[in-house]
Amino acid sequence: DAGVIQSPRHEVTEMGQEVTLRCKPISGHDYLFWYRQTMMRGLELLIYFNNNVPIDDSGMPEDRFSAKMPNASFSTLKIQPSEPRDSAVYFCASSFLWPPEKLFFGSGTQLSVL
Amino acid sequence: KQEVTQIPAALSVPEGENLVLNCSFTDSAIYNLQWFRQDPGKGLTSLLLIQSSQREQTSGRLNASLDKSSGRSTLYIAASQPGDSATYLCAVIRNAGGTSYGKLTFGQGTILTVHP
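Chains as they are written, first to last, in the numbering used here: chain A, 124 to 237; chain B, 203 to 318.
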């Protein structure tokens with residue numbers, strides 16, 4: 124398996140634009156997680172899915188953020204409109220267990236909002 | 203609310219040294235504790251996992267210990283090498299109960315540099 128695949132690797136956009144981050148989890152993993160990493164706050168869980176259903180989105184910072192998982196092999200995290208404070212590295216991770224004893228991370232998307 | 207703290211924030215050592223990274227957590231009701239490695243521009247890679255009932259785990263030159271009652275874990279790296287240079291993060295999973303069950307709470311990490 125190729126692991127968790129995220130795209131794009133880097134995204135530079137202007138304030139107010141819509142940003143869509145993409146993730147393909149490892150096949151067979153029922154749990155998918157979106158994390159955000161910043162210097163100030165470290166790694167924060169934004170939302171996670173089980174069998175394509177959002178289970179806990181309490182970490183989503185505000186209504187500008189939304190996430191979907193239309194099928195078992197694809198998820199998106201959308202920010203609309205984007206703001207400079209959204210600049211961070213966004214990671215997707217997947218697991219086949221709960222609790223997630225073995226978590227597999229993608230390489231992340233470095234987002235810069237100017 | 204679970205808080206995870208890692209000390210030191212950064213560490214620079216010469217090659218060959220044995221070193222210890224520290225992790226502390228405020229709520230001892232954990233399911234397990236995990237140590238991850240993060241290389242620049244990369245995602246996290248799981249290194250070691252210690253169940254709450256265990257005291258330590260070993261993998262090669264790495265040894266992680268857990269003292270749940272005191273809320274502490276250490277990652278011991280023997281005979282450090284330049285290839286060990288990375289950020290090391292610990293994370294805990296809360297035990298059963300409440301909305302935090304099953305979620306990982308990460309520390310801020312320790313940036314390790316091993317110079318030749």
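Even for Gly, the Cβ is constructed at its ideal location relative to N, Cα and C.
| query | result |
| --- | --- |
| At least three beta-carbon pairs within less than 8 Å, the region 303-315 of chain B to the region 282-289 of chain B | yes |
| Runs of beta strand (DSSP E) lying entirely within the region 244-281 of chain B, each at least 3 residues, in chain order | 246-253, 258-261, 264-269 and 274-279 |
| Within 9 Å of chain A by C-beta, residues of the region 212-240 of chain B in sequence order | Y233, N234, Q236, F238 and Q240 |
| In DSSP terms, what A/H133 is bridged to | A/Q233 |
| Neighbour-count burial assignment, B/N234, 16 or more Cβ in a 10 Å radius | buried |
| Residues from the region 150-178 of chain A in contact with chain B, defined by Cβ distance under 7 Å | G165, L166 and L168 |
| A/I149: first and last residue of the uninterrupted beta strand (DSSP E) it sits in | Counting along the chain, A/I149 falls outside any beta strand (DSSP E), and DSSP gives it neither H nor E. |
| Integer Cβ distance of B/F308 from A/G165, believed to fall under 8 Å | 6 Å |
| Selection from B/F227, B/L277 and B/Q240 that minimises the alpha carbon distance to B/G262 | B/L277 |
| Residues of the region 217-229 of chain A whose Cβ lies closer than 9 Å to any Cβ of chain B, in chain order | W221, P222, P223, E224, K225, L226, F227, F228 and G229 |
| Contacts of B/S248 in chain A (Cβ-Cβ under 7 Å) | K225 and L226 |
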